[in-house]
Amino acid sequence: MRTGSKTRTALTAGLITLSLAGCGGDLLKQDPTIDQFYTLDSEKLRLCQGLSNSCRDLIPFASALHLIPKIERGYDTDLKGPNYPLSLARLMIDPPNGDYKASPVDENGRYLRLPINEQTDLVWDVLQEAHESIYAD
Numbered sequence: 026m027r028t029g030s031k032t033r034t035a036l037t038a039g040l041i042t043l044s045l046a047g048c049g050g051d052l053l054k055q056d057p058t059i060d061q062f063y064t065l066d067s068e069k070l071r072l073c074q075g076l077s078n079s080c081r082d083l084i085p086f087a088s089a090l091h092l093i094p095k096i097e098r099g100y101d102t103d104l105k106g107p108n109y110p111l112s113l114a115r116l117m118i119d120p121p122n123g124d125y126k127a128s129p130v131d132e133n134g135r136y137l138r139l140p141i142n143e144q145t146d147l148v149w150d151v152l153q154e155a156h157e158s159i160y161a162d
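For the sequence shown, the numbering used here assigns the number 26 to the initial residue and increments by one for each residue that follows.
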């Protein structure tokens, strides 16, 4: 390989790296609301971090009934079936001990903002466990 070719290749690689860093940097930035609150979509039964697309479905919880006691201990109440995902959503919206308040984000109440605390973090983690217990390789 000639010296000019090596220089051109190095220069091209450098320019590609710089352009990717500039363009890709925006894509890699996290949503600033991700660690401020959760958003519950009460229609699709999805819990999201802040306003981001980092979401977890409540539906798999119905197939991971072995995880119900974790939620019951965390909220100090019994979770009622047969529709456990809907019961879980209702529990998060209106915790029995009034430990926190859910606040509507939109005018029809489909989206609710939940604070980040031990209980909502527990739900977030349990939803991941439910997903993994169903879809694990």
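Ideal Cβ placement from N, Cα and C applies to all residues, glycine included.
Everything numeric in this text was worked out from a predicted model, so none of it was measured.
DSSP state of residue i mapped onto helix, strand, coil
| i | result |
| --- | --- |
| Arg81 | strand |
| Thr64 | strand |
| Leu72 | strand |
| Asp119 | coil |
| Ala114 | helix |
| Ala89 | coil |
Bridge-paired residues (DSSP) for residue i
| i | result |
| --- | --- |
| Arg138 | Thr64, Ser128 |
Contacting residues, own chain, Cβ-Cβ under 8 Å from residue i (five flanking each side not counted)
| i | result |
| --- | --- |
| Ile159 | Pro85, Ser88, Ala89 |
| Leu92 | Phe86, Val151, Glu154, Ala155, Ser158 |
| Gly106 | Ser112 |
| Ile141 | Asp60, Gln61, Phe62, Tyr63 |
| Asp101 | Pro121, Asn122 |
Where the alpha helix (DSSP H) through residue i begins and ends
| i | result |
| --- | --- |
| Ile96 | 93-100 |
| Leu147 | 143-160 |
Other residues of its chain near residue i: CB distance less than 6 Å, five sequence neighbours each side excluded
| i | result |
| --- | --- |
| Arg81 | Leu72, Leu152 |
| Thr145 | Tyr63, Leu139 |
Chain-order list of residues whose beta-carbon lies under 7 Å from that of residue i (same chain, five-residue window excluded)
| i | result |
| --- | --- |
| Ile163 | For the chain, the structure presents residues 26 to 162; residue 163 sits outside this window and is missing. |
| Leu104 | Ile93, Ile96, Glu97, Ser112, Leu113, Leu116 |
Segment contact flag, the stretch 118-126 with the stretch 73-81, C-beta cutoff 8 Å, min 3 pairs: Output reads no: the stretch 73-81 does not touch the stretch 118-126.
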